[in-house]
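Reading through the structure tokens given below for one structure.
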Amino acid sequence: MSNRNLTVMILIALVVFVGSRSIYVIKETERGVLLKFGEVVNPNIQPGLHFKVPFVNNVRKFDGRVLTVDSQPEPFFTQEKKALIVDSYAKFKVSDTQKFYTATNGEEARAMGLLAQRINDGLRNEVAVRTIQEVVSGERDQLMLRLADSLRDVVNAELGVELVDVRVKQIDLPRDVSESVYQRMNAEREKEAREHRAQGQELAEGIRAAADREVTVIAANAYRDAQLVRGEGDAIATNTYAEAFNRDPEFYSFTRSLKAYQEAFQGQGDVLLLQPDSEFFRYLKDSSGGK
1 MSNRNLTVMI LIALVVFVGS RSIYVIKETE RGVLLKFGEV VNPNIQPGLH FKVPFVNNVR
61 KFDGRVLTVD SQPEPFFTQE KKALIVDSYA KFKVSDTQKF YTATNGEEAR AMGLLAQRIN
121 DGLRNEVAVR TIQEVVSGER DQLMLRLADS LRDVVNAELG VELVDVRVKQ IDLPRDVSES
181 VYQRMNAERE KEAREHRAQG QELAEGIRAA ADREVTVIAA NAYRDAQLVR GEGDAIATNT
241 YAEAFNRDPE FYSFTRSLKA YQEAFQGQGD VLLLQPDSEF FRYLKDSSGG K
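Per full-length UniProt numbering, the very first residue in the sequence shown carries number 1; after that it's consecutive.
The following block contains the structure:
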């Protein structure tokens, strides 16, 4: 290979290398700053194809989408000096690339760490002026809104990021406190259960006593009504017998005697001892019943 061809190849390689170092692309999801010897000369590079001077200019790219910083659970003390373990997260995005680069050197991890620290400080201040009840349920949403409003201008001015939202994922009590709270809650529930059982037993006894009383009253009324009906029936029967007897006393006496004969002779015994002049044989001696 001749020296001329070698020189041409070296020049082509040098041109390709310089060209590759001179062209850069900013995507729609990215934000970027153009540096000149480490100094920001273009803080807001628009998406698209751009050129730079090799070895003079440098480009730093940042994610322009909404990012999430997940803080580690931290202990905070409420107004009653009770400890709570609060786990939170925040949504943010880069709003001022020059300020973001200056404050964090363009490192997302560092920006997340600084933002998480400020969120924890804000949470500590907000939790310190509230009770456990207010933090857990009563004013939880208000706490998040106030925290986001108070931090939004601060992080924008210091870090160059826009705070989109701050949320609490979970609020727990410390392990030792949780155990004591659980035991107290368990004791309260057992006490409440005993009270409900006692009230239920008292109510059951009252219902049972009322039912027994009602059964007794119903049975007494039924017995009274039955006796009245039976008495009326006996009266009607007695009256019927009396009327029948008064119509034909001799016939009534005759049928009574026949019934007595039937009952007396239906037994298995064949001996019957009676006086000859007994009334029992009245109609056997004389069909007319005369004495």
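The C-beta atom is built at its ideal place from N, Cα and C for all residues, glycine as well.
Check                                                                                                                                                                 : Outcome
Sorted by chain position, which residues of the same chain lie with C-beta nearer than 8 Å to Tyr252's C-beta, five sequence neighbours on each side aside?           : Ala244 and Phe245
What are the start and end residues of each continuous alpha helix (DSSP H) run of 4 or more residues lying completely inside the stretch 177 to 211, in chain order? : none
Residues in its own chain within less than 7 Å of Ile12 by CB, not counting five upstream and five downstream?                                                        : none
Taking the C-alpha atoms as reference points, what is the distance between Glu158 and Leu115?                                                                         : 10 Å
Could you give the residue range of the beta strand (DSSP E) that holds Asp70?                                                                                        : Leu67 to Asp70
Alpha carbons only, please: which of Asp234, Ala209, Val135 and Thr255 is nearest the one belonging to Lys82?                                                         : Val135
Rounded to a whole number of angstroms, what is the C-alpha to C-alpha distance between Gln98 and Arg189?                                                             : 59 Å
Taking only three categories from DSSP, how would you classify Lys99?                                                                                                 : helix
Report the residue from Ala198, Arg247, Ile119 and Ser150 whose alpha carbon sits nearest the alpha carbon of Asp70.                                                  : Ile119
Check for me: the beta strand (DSSP E) holding Arg31 runs from which residue to which?                                                                                : Glu30 to Lys36
Going along the chain, which residues of its own chain have a beta-carbon closer than 8 Å to the beta-carbon of Val127, five neighbours each way excluded?            : Phe76, Phe77, Thr78, Leu84, Val86, Val135 and Leu143
Between His34 and Val25, which are expected to be in contact by the criterion C-beta below 8 Å, what is the C-beta distance as a whole number of angstroms?           : The sequence given here places Leu at residue 34; His does not occur at that position. Wrong, their Cβ atoms sit about 13 Å apart, outside the cutoff.
Which residue marks the beginning of the alpha helix (DSSP H) containing Ser150, and which one marks its end?                                                         : Arg140 to Leu159
Quick check: the Cα distance between Val94 and Gln46, rounded to an integer number of angstroms?                                                                      : 14 Å
For Glu202 and Ala210, what's the separation of their Cα atoms in angstroms?                                                                                          : 12 Å
Fully enclosed by the stretch 101 to 135, which alpha helix (DSSP H) runs are 4 residues long or longer?                                                              : 108 to 128
Among residues of its own chain, excluding the 5 on either side of Asn58, which ones have a beta-carbon nearer than 7 Å to its beta-carbon?                           : Leu35
Find the nearest neighbour of Leu163 within the set Arg60, Arg65 and Gly38, judged by alpha-carbon distance.                                                          : Arg65
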